[in-house]
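Here's the structure, in C-alpha cells; my notes come after.
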Amino acid sequence: MGFALLPVLVSVLTIQYSAAQSFNCSSSDPSTCHALVGYITVNNTNLGAIQSLFSVKNLRSLLGANNLPLNTKRSYAIPAQQVIKVPINCLCNNNTGTSSGAPIYTVQPGDGLYHIAAEVFSRLLLFQQIAAANNIRDANLITIGDKLKIPLPCSCDEVDGQKVVHYAHMVKSGSSLGEIAQEFGTNEETLARINGIKADSDLKADQPIDVPLKACNSSISGDSFDFPLLVANGTYLFTANGCVKCMCDAANNWTLHCEPSQNKPSKWDTCPSMKCSTAAGCNRSTCSYAGFNNSTIMTTLVQDSSSCSNSVPLYSQVLPNLLEPRTHNEQHPLQAMMSQESIRIGTVFSSWSCLVSIYSSEMLVLPLKSYVDQHHD
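Mapped onto mature numbering (1 follows the signal peptide of the UniProt record, and there is no 0), the consecutive letters of the sequence shown carry residue numbers -20 to -1, 1 to 357.
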C-alpha cells in the first residue's frame, strides 16, 4: 500500500477542530433516527454513483428522498451543482449527531483528508472530523485502500415539541435565515436557536445548517418497529421490510398516506396483508398504516368526519324545506345555498342527477354537472 499526502499540510498529532459543522443532539442516551443531507454534486454524475458514494443500500431510498419516480434508473444523469437529498441513519451521542454505519469511503490514489471532505463530499463535513472518527492521529498520511467512516452531520432532536426530519442544508453565499426558513417551511427564530447563531452574519457559505423539516402526521403505534415513522413533505419511503410505501404531501392535510408496495420483501417470504375495513358516509373510517412487527403489518381505523361539516346541510334536511311554497319576493332556500361558495356538492347532492327547485309557479332544472363546474372549489 502507498500513502496519499494531504494537499494542505497539517502537522499536528492531536487534531483540534471547530464544531461549527456538528449538529446538536441533546439526548442523554444514544438514540437513532432517519435524517437527510443535501449533497451538491461536484461534477456531472448519476444516481448510481451517488448511491455508491453514500453507501445507500436501496436506490428506492434515494428516489423517495427526492420524490423521483420509482422506475428511475441508476444511470439517471445528475448535472454538476445539483442538490440531491441523501437519506442517512443518524446516531445521537454525547450531544452530537453523526451518520451511523454509512457512508464508508475507500481511499483512492491521490486522496487526502481535505480532498475527501471538501471535494468528494462537497464540504458536508470537515477533514478533522474524518480524522477524529477514524482515529487518524497524523492527517498528513492516509493509506490507499483504507475504509473511512464519514461522520455526516445530523440530529434526532424534537423541535418546539414536535418530531421532525433534520436536513443538512448547504448554505449558499449571500443566504439569509429568512430565505432559508421560507424555502423549507420553518422560521428564523427556530433556525437560529437550533444552530446556535444570532444573525445572518453568522451564516457561513458552503457549510451545512440544521433545517427541521415538518413530518406528516401518522397513526404509527408506539410498539411498531418503525416508530416514529417520520416522512418529510414531498418525499416518500418504504417501510415494513419494503412492503409498505408511505408518502407525505402537505396538500393532504399533512396526513401520512401509506399503501402496499409491489416490492419483494427484504425479510419475509411474502408481504403480510394490510386488512382494514372501511365505511362510507358521515363519520366514515379510513384505513391507516399503524406499523409492523416480526410477522404482521398493523392497520387501524381512523375516524374521518371531514365529509360531514356542520356548515353543510344534508339532503335529508334540505328536501322538506325545498317543497315549502314561496312568495314571489322571498328567496328560495336552494338559491341561498347556491350563493354559498363553501357548499360541498359531493356531500349534499352526490346522489342527485339534477337539482330541482320550485320557485313560484315555475320549475327550474339545473343540471348537476353545470352547477358543480361553476361552484366547486
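Glycine is no exception: its CB is placed at the ideal position from the N, C-alpha and C atoms. This one's a predicted model, so the numbers in the text were calculated from it and none came from an experiment.
Which of helix, strand or coil does DSSP assign to residue 215?
Indexing the sequence shown from 1 puts residue 215 at position 235. Looking at residue 215 - three-state DSSP - the assignment turns out to be strand.
Tell me whether the beta-carbon of residue 271 lies closer than 8 Å to the beta-carbon of residue 201.
Here residue 271 is taken as the residue at index 291 of the sequence shown, counted from 1. Here residue 201 is taken as the residue at index 221 of the sequence shown, counted from 1. Their beta carbons are under 8 Å apart, which means residue 271 touches residue 201 by this criterion.
Using a Cβ-Cβ cut-off of 8 Å (strictly less than) and excluding sequence neighbours within five positions of residue 255, which residues of its own chain qualify?
Position 275 of the sequence shown, counting from 1, holds the residue named residue 255. If we look at residue 255 and ignore the five residues flanking it on each side, its Cβ neighbours are 279.
Count Cβ pairs between the region 48 to 62 and the region 86 to 101 that sit closer than 8 Å; are there 3 or more?
Judged by Cβ distances under 8 Å, the region 48 to 62 makes no contact with the region 86 to 101, as fewer than three pairs qualify.
From residue 118 to residue 108, what does the alpha carbon distance come to, in whole angstroms?
Residue mapping note: residue 118 aligns to position 138 of the sequence shown, counting from 1. Residue mapping note: residue 108 aligns to position 128 of the sequence shown, counting from 1. The straight-line gap from Cα to Cα measures roughly 10 Å.
Out of 177, 81, 155, which has the shortest C-alpha to C-alpha gap to residue 12?
Against the sequence shown, residue 12 aligns to sequence position 32. Among 177, 81, 155, the Cα nearest to that of residue 12 belongs to 81.
Find the nearest neighbour of residue 248 within the set 150, 239, 223, 232, judged by alpha-carbon distance.
Locating residue 248 in the sequence shown gives position 268, counting from the first residue. Answer by Cα proximity: 223.
Pick from 157, 47, 165, 186: whose alpha carbon is nearest that of residue 176?
Along the sequence shown, read from residue 1 onward, the residue named residue 176 stands at position 196. For residue 176, the nearest C-alpha among the options comes from 157.
If residue 146 sits next to residue 155, beta carbons under 8 Å apart, how far is it from one beta carbon to the other, in whole angstroms?
To locate residue 146, count along the sequence shown from 1; it is residue 166. To locate residue 155, count along the sequence shown from 1; it is residue 175. With a Cβ gap of about 18 Å, residue 146 and residue 155 do not count as contacting.
Report all residues from its chain with a CB closer than 7 Å to the CB of residue 235; omit the five preceding and five following residues, and keep chain order.
Stepping through the sequence shown from its first residue, residue 235 is reached at position 255. Counting only Cβ-Cβ distances below 7 Å, and skipping sequence neighbours, we find 196, 197.
Could you name the residues that DSSP lists as bridge partners for residue 15?
The sequence position of residue 15 within the sequence shown is 35, counting from 1. Looking at the DSSP assignment, residue 15 forms a beta bridge with 68.
Note down the Cα distance separating residue 238 from residue 268, rounded to an integer number of angstroms.
As a position in the sequence shown, residue 238 is number 258, starting the count at 1. As a position in the sequence shown, residue 268 is number 288, starting the count at 1. Going by the C-alpha atoms only, they are around 7 Å apart.
Answer with buried or exposed for residue 233, where buried requires no fewer than 16 other C-beta atoms within 10 angstroms of its C-beta.
Counting from one through the sequence shown, the residue named residue 233 turns up at place 253. Label assigned to residue 233: exposed.
What does DSSP give as the partner residue(s) for residue 267 in the beta ladder?
What you label residue 267 is simply residue 287 of the sequence shown in a count that begins at 1. Answer is 281.
Can you tell me where the beta strand (DSSP E) with residue 239 in it begins and where it stops?
Taking the first residue of the sequence shown as 1, we reach residue 239 at position 259. Its beta strand (DSSP E) spans residues 237 to 240.
Who pairs with residue 95 in a beta bridge, going by DSSP?
For the purposes of this step, residue 95 is taken as the residue at position 115 of the sequence shown. Paired residue(s): none; residue 95 is not in a bridge.
On the three-state DSSP scale, how would you describe residue 253?
Within the sequence shown, the letter at position 273 stands for residue 253. Residue state, collapsed to three classes: coil.
Excluding the five sequence neighbours on either side, which residues of its own chain have a C-beta within less than 7 Å of the C-beta of residue 86, listed in chain order?
Walking along the sequence shown from the start, residue 86 turns up at place 106. Once the five neighbours on either side are set aside, the close Cβ partners of residue 86 are 125, 127.
In three-state DSSP terms, what is residue 190?
For this step, residue 190 is matched to residue 210 along the sequence shown. Strand, per DSSP.
Work out the CA separation of residue 245 and residue 67 for me, nearest whole Å.
What you label residue 67 is simply residue 87 of the sequence shown in a count that begins at 1. What you label residue 245 is simply residue 265 of the sequence shown in a count that begins at 1. Spanning the two alpha carbons is a distance of roughly 20 Å.
Do you know how far the Cα of residue 225 is from the Cα of residue 159?
Indexing the sequence shown from 1 puts residue 159 at position 179. Indexing the sequence shown from 1 puts residue 225 at position 245. Rounded to the nearest angstrom, the two C-alpha atoms are 32 Å apart.
Identify every residue that forms a DSSP beta bridge with residue 39.
In the sequence shown, the residue the question calls residue 39 occupies position 59. Paired residues: none, contrary to the question.
Can you tell me the Cα-Cα spacing of residue 63 and residue 199, whole angstroms?
Walking along the sequence shown from the start, residue 63 turns up at place 83. Walking along the sequence shown from the start, residue 199 turns up at place 219. Each residue's Cα considered, the two are about 31 Å apart.
Using the Cβ count rule (16 or more neighbours within 10 Å means buried), how would you classify residue 209?
Mapped onto the sequence shown, residue 209 falls at position 229. So residue 209 ends up on the buried side.
Taking 8 Å as the cut-off, decide whether the C-beta atoms of residue 47 and residue 215 are in contact.
As a position in the sequence shown, residue 47 is number 67, starting the count at 1. As a position in the sequence shown, residue 215 is number 235, starting the count at 1. Contact flag set, yes.
Tell me, which residues are paired with residue 26 by DSSP?
The residue you call residue 26 lines up with position 46 of the sequence shown. In DSSP, residue 26 forms a bridge with 57.
Suppose the cutoff is 8 Å on Cβ atoms and the five residues either side in sequence are ignored; what does the same chain contact list for residue 143 look like?
By one-based count along the sequence shown, residue 143 stands at place 163. So the list reads 195, 208, 210, once near-sequence residues are dropped.
Under three-state DSSP, which class holds residue 20?
The residue you call residue 20 lines up with position 40 of the sequence shown. Residue 20 falls in the strand class under three-state DSSP.
Straight-line CA distance for residue 121 to residue 33?
As a position in the sequence shown, residue 121 is number 141, starting the count at 1. As a position in the sequence shown, residue 33 is number 53, starting the count at 1. Answer to the nearest angstrom: the Cα atoms are 22 Å apart.
From residue 115 to residue 190, what distance separates their C-alpha atoms?
One-based indexing of the sequence shown puts residue 115 at position 135. One-based indexing of the sequence shown puts residue 190 at position 210. Their backbone Cα atoms lie some 26 Å apart in a straight line.
The beta strand (DSSP E) that contains residue 86, what's its start and end?
Working through the sequence shown from its first residue, we reach residue 86 at position 106. That run of the beta strand (DSSP E) goes 84 to 86.
From this set, 266, 131, 282, 251, which residue's C-alpha is nearest residue 274's C-alpha?
Within the sequence shown, residue 274 is the residue found at index 294, counting from 1. Comparing Cα-Cα distances from residue 274 to each of 266, 131, 282, 251, the minimum goes to 251.
Looking only at its own chain, which residues have a Cβ that is under 8 Å from the Cβ of residue 148, when we skip the five neighbours before and after it?
Indexing the sequence shown from 1 puts residue 148 at position 168. Here the set comprises 3, 15, 16, 17, 18, 104, 132, 133, 134, 188, 189, 190, 191.
On a CA-only basis, which of 36, 24, 27, 61 is nearest residue 376? Give me that one, please.
Missing from the structure shown is residue 376; the chain here goes from -20 to 357 and no further.
Please classify residue 363: does DSSP put it in a helix, a strand, or coil?
The structure shown does not extend to residue 363, since the chain is modelled only from -20 through 357, so no value can be given for it.
According to DSSP, which residues form a beta bridge with residue 133?
Walking along the sequence shown from the start, residue 133 turns up at place 153. The partner list for residue 133 (beta bridge, DSSP) reads 78.
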